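These protein sequence lines map, in sequence, to chains A and B.
Be aware that the first sequence starts at 280, since it is given in the working numbering, and climbs by one per residue.
Be aware that the second sequence starts at 358, since it is given in the working numbering, and climbs by one per residue.
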Amino acid sequence: MQERAPGHRETAGPDAADARAFVLEHADFVFRSLRRLGLGTAAAEDAAQQVFMIAVTKVAHIEPGKEKVFLFGVLSNVARHARRSFARNLEDLARREPAGADPWENPRSEADGPEEALLEAEARRVLDRILASMADDLRDVFVMAELEEMTMADIAVALEIPPGTVASRLRRARAWFEQAAASIDEEGSGGTP
Amino acid sequence: MKLSTADLLRAGKSERMRESARAHMADAVAASVLGAAGASAGAGAAAAMSAKTLLTAKAWLVLAMGVVLVGSFAGWRAWTSGPSASALAPSTAVAPLPSSSARSLRVPPPGPLPDASATAVANKPRLDAAPSGRAENETESLIHARERLRAGAPTEALALLAVHSRKFPHGFLVEEARVLRIQALASTDPAKARREAAAFLREFPSSPYRANVTRMTTP
Numbered sequence: 280m281q282e283r284a285p286g287h288r289e290t291a292g293p294d295a296a297d298a299r300a301f302v303l304e305h306a307d308f309v310f311r312s313l314r315r316l317g318l319g320t321a322a323a324e325d326a327a328q329q330v331f332m333i334a335v336t337k338v339a340h341i342e343p344g345k346e347k348v349f350l351f352g353v354l355s356n357v358a359r360h361a362r363r364s365f366a367r368n369l370e371d372l373a374r375r376e377p378a379g380a381d382p383w384e385n386p387r388s389e390a391d392g393p394e395e396a397l398l399e400a401e402a403r404r405v406l407d408r409i410l411a412s413m414a415d416d417l418r419d420v421f422v423m424a425e426l427e428e429m430t431m432a433d434i435a436v437a438l439e440i441p442p443g444t445v446a447s448r449l450r451r452a453r454a455w456f457e458q459a460a461a462s463i464d465e466e467g468s469g470g471t472p
Numbered sequence: 358m359k360l361s362t363a364d365l366l367r368a369g370k371s372e373r374m375r376e377s378a379r380a381h382m383a384d385a386v387a388a389s390v391l392g393a394a395g396a397s398a399g400a401g402a403a404a405a406m407s408a409k410t411l412l413t414a415k416a417w418l419v420l421a422m423g424v425v426l427v428g429s430f431a432g433w434r435a436w437t438s439g440p441s442a443s444a445l446a447p448s449t450a451v452a453p454l455p456s457s458s459a460r461s462l463r464v465p466p467p468g469p470l471p472d473a474s475a476t477a478v479a480n481k482p483r484l485d486a487a488p489s490g491r492a493e494n495e496t497e498s499l500i501h502a503r504e505r506l507r508a509g510a511p512t513e514a515l516a517l518l519a520v521h522s523r524k525f526p527h528g529f530l531v532e533e534a535r536v537l538r539i540q541a542l543a544s545t546d547p548a549k550a551r552r553e554a555a556a557f558l559r560e561f562p563s564s565p566y567r568a569n570v571t572r573m574t575t576p
C-alpha cells in the first residue's frame, strides 16, 4: 500500500544506519521537549534514549513528515512516567546545585560560555519554572504549539484528543504563560522561587 | 533583568543535546536495531502511521515504561541527586562502618554485567535483582563509601566499596559504585584509576557519568 524506501529489505527489519540517522536528526527535538516537560538534563538524556528505542521499532510505519508528531506522542508519555517516578522537586534541586564542586555528583559537563549563554540559561530557567507551574495537559499543548510550532491538527493526533480540545487548552496555556511571565518579571527573575 | 515572552520561547527552542550524549544515544539505538533485526523480521506490515497505530504504539509504550522507568529512574536519579535530596537515604542516618569489617582493600574485579551486550537499555540498573528492602541497603552502603571519600579518606572508601561490591555484585547501582571507586582510585592509584575508567567507558557507553569519569582521570 505504501512505497518502501530504496534499499529497504523486507526481511531484515529496520536498518541500523537508518535508525542512527533518524536518531541524530531528531535528537535535539526530543531532548529539549523532554526538558520542557520537566526533566533535568541527565534524566532527559536518559529518557530520550527510551523514546528512540521505542520509536525505531515503528520508524518504517511513520508517515513521512509526521516524525515529530509520532515522537511527541511517545515522549510526552515517557516524560509523564518519569515525572511520576521521582519527585519533581528532586530534579529542581539537582538543577540548582552548583556545577563542578563534586564532579561525580553532577553529571553535566559543558561550562557556561560568555554572557549570552548565561542569559539564555537564565531565560531557560524562567521558562521551565513557568512550564512547571502549568497543568500537564496545558504544558504538552503549549510546548508543541509555541516551542515546536506544530499545527493544531498534528497536536490533536499526537495527544489523541479532539482539535477543539487542543484549541481551548492552548488558549488557557497562553493566558497562564503570559500571566506567569508578567508576575515573574515583577518579582525579579534572578531570585530563587 | 527583563525577559520577554519571545526571549523565553527562543531559549526553549535553542536548547540542544550534548554532542557526546547525542552520539552515544545514536550508537546505542542503532545497536539495539541490529540486535532486534532478526527477531522482528517480517513483523512490520507496510502500513502508514495512522491514528490507530499511534494508539497501539502508545498502549504498548505505557506497559514498557512502567517496567523500565518506575524503579530505575527513581533509584538512580535519587542517588545521583545526592543524599541531601534523596528520600531513600538521609545523610544524617549513616554512620561509618567499623574499619575492622573491611579487612581487605583488594576489590574483586567487577563481574560481567548481565545482558550487557543485548541493548544499551541493559546498561540501566536492573530492577529484578533488587527488592526494595535490599535496594535501600545498597544505597546506604554506597553513601557510606561516598562520605568517606568526601571526608578525604579514599582508602577507607575503597575498603567500603570492596565490601559493597561483594554484597551487591549485581545491584542496581553498579554504575555508581564503579564511578565512586574510580574517583577514589584517582587519588590513591592514578594508573589503576585510568585503567578502570577505560573499562567503565567501554562497558557503559551511554552512561551519564562518562564526562565525569574522563575528567577524574585526566591529570
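Each residue gets a CB set at the ideal place from its N, CA and C atoms; glycine is no exception.
Note that the structure is predicted; figures quoted are calculated from it, not measured.
Report the rounded CA-to-CA distance for Leu391 (chain B) versus Val335 (chain A), giving the unit in angstroms. 11 Å
Distance CB(Ser498 (chain B))-CB(Glu532 (chain B)) smaller than 8 Å: no
Collapsed DSSP secondary structure at Gly511 (chain B) in the structure displayed: In the sequence on display, residue 511 (chain B) carries Pro and not Gly. Correct three-state label for Pro511 (chain B): helix.
Simplified DSSP assignment, three categories, for Ser389 (chain B): helix
Please report the residue range of the alpha helix (DSSP H) in which Val338 (chain A) lies. Neither: Val338 (chain A) is in no alpha helix (DSSP H) and is coded neither H nor E.
Going by C-alpha distance, which of B:Ala380, B:Ala555 and B:Glu553 is nearest Ala298 (chain A)? B:Ala380
Quick one: measure Cβ to Cβ for Val330 (chain A) and Val348 (chain A), integer angstroms, because I've assumed they're closer than 8 Å. That belief does not hold up - the Cβ atoms of Val330 (chain A) and Val348 (chain A) are roughly 13 Å apart, past 8 Å.
Would Val338 (chain A) pass as a contact of Phe301 (chain A) if the rule is Cβ separation under 8 Å? yes
Just to confirm, is the Cβ distance from Leu313 (chain A) to Ala326 (chain A) under 8 Å? yes
Which listed residue (A:Ala435, A:Asp419, A:Ile463 and A:Pro441) has its alpha carbon closest to that of Ala452 (chain A): A:Asp419
Go ahead and label Gly352 (chain A) buried or exposed: buried means 16 or more other beta carbons lie within 10 angstroms of its beta carbon, across all protein chains shown. buried
Listed by chain order, chain A residues near Lys370 (chain B) by CB distance under 7 Å: Leu426
Cβ of Arg538 (chain B) within 8 Å of any chain A Cβ: no
Cβ closer than 7 Å: which chain B residues qualify as neighbours of Leu303 (chain A)? Arg379 and Ala383
To the nearest angstrom, how far is the alpha carbon of Gly369 (chain B) from that of Leu354 (chain A)? 17 Å
Listed by chain order, chain B residues near Leu406 (chain A) by CB distance under 7 Å: Leu365, Ala368 and Gly369
Since Arg535 (chain B) meets chain A, which of its residues come closer than 7 Å, beta carbon to beta carbon? Here the premise fails: no neighbours, minimum Cβ distance about 11 Å.
8 Å Cβ cutoff, Val520 (chain B) in contact with chain A: no
Using a Cβ-Cβ distance cut-off of 8 Å, determine whether Asp391 (chain A) contacts chain B. Unreliable positioning characterises Asp391 (chain A) in this predicted model, as indicated by a pLDDT of 46, which lies under 50. The coordinate reading is nonetheless provided below. No, Asp391 (chain A) does not count as interfacial toward chain B.
Taking its Cβ as the centre, do 16 or more other Cβ atoms sit within 10 Å of Glu376 (chain B), making it buried, or is it exposed? exposed
Go through its chain and collect everything with a Cβ distance to His521 (chain B)'s Cβ below 7 Å, but skip five positions before and after it. Ser498, Leu499, Ala502 and Ala534
Under 9 Å Cβ-Cβ, which residues of chain B neighbour Glu399 (chain A)? Asp364, Arg367, Ala368, Ser371 and Glu372
Following the continuous alpha helix (DSSP H) through His305 (chain A), name the residue where it begins and the one where it ends. Ala295 to Arg315
Outcome for Gln458 (chain A) when other beta-carbon atoms lying within 10 angstroms are tallied against a minimum of 16: exposed
Straight-line gap, Met423 (chain A) to Asp433 (chain A) (C-alpha atoms, nearest Å): 9 Å
Leu360 (chain B) versus chain A: which residues are under 9 Å apart at the beta carbon? Leu398, Glu401, Ala402, Val405, Leu406, Ala460, Ile463, Asp464 and Ser468
Inspect the beta-carbon positions of Glu495 (chain B) and Phe525 (chain B) and report whether they are closer than 8 Å. yes
Could you confirm whether any beta carbon from chain C is found closer than 8 Å to the beta carbon of Asp433 (chain A)? Chain labels in this structure do not include chain C; the protein chains are A and B.
Ala323 (chain A) and Phe310 (chain A) - do their beta-carbons sit closer together than 8 Å? yes
Straight-line Cα distance separating Thr574 (chain B) from Pro547 (chain B): 7 Å
Chain A within 8 Å of Pro576 (chain B), Cβ atoms only: no
Alpha-carbon spacing of Lys359 (chain B) relative to Glu425 (chain A), whole angstroms: 20 Å
How would you call Gly509 (chain B), buried or exposed, if buried means at least 16 neighbouring beta carbons within 10 angstroms? exposed
In angstroms with no decimal places, state the Cα-to-Cα distance between Gly319 (chain A) and Asp407 (chain A). 10 Å
Test: Leu391 (chain B) CB closer than 8 Å to a CB of chain A: yes
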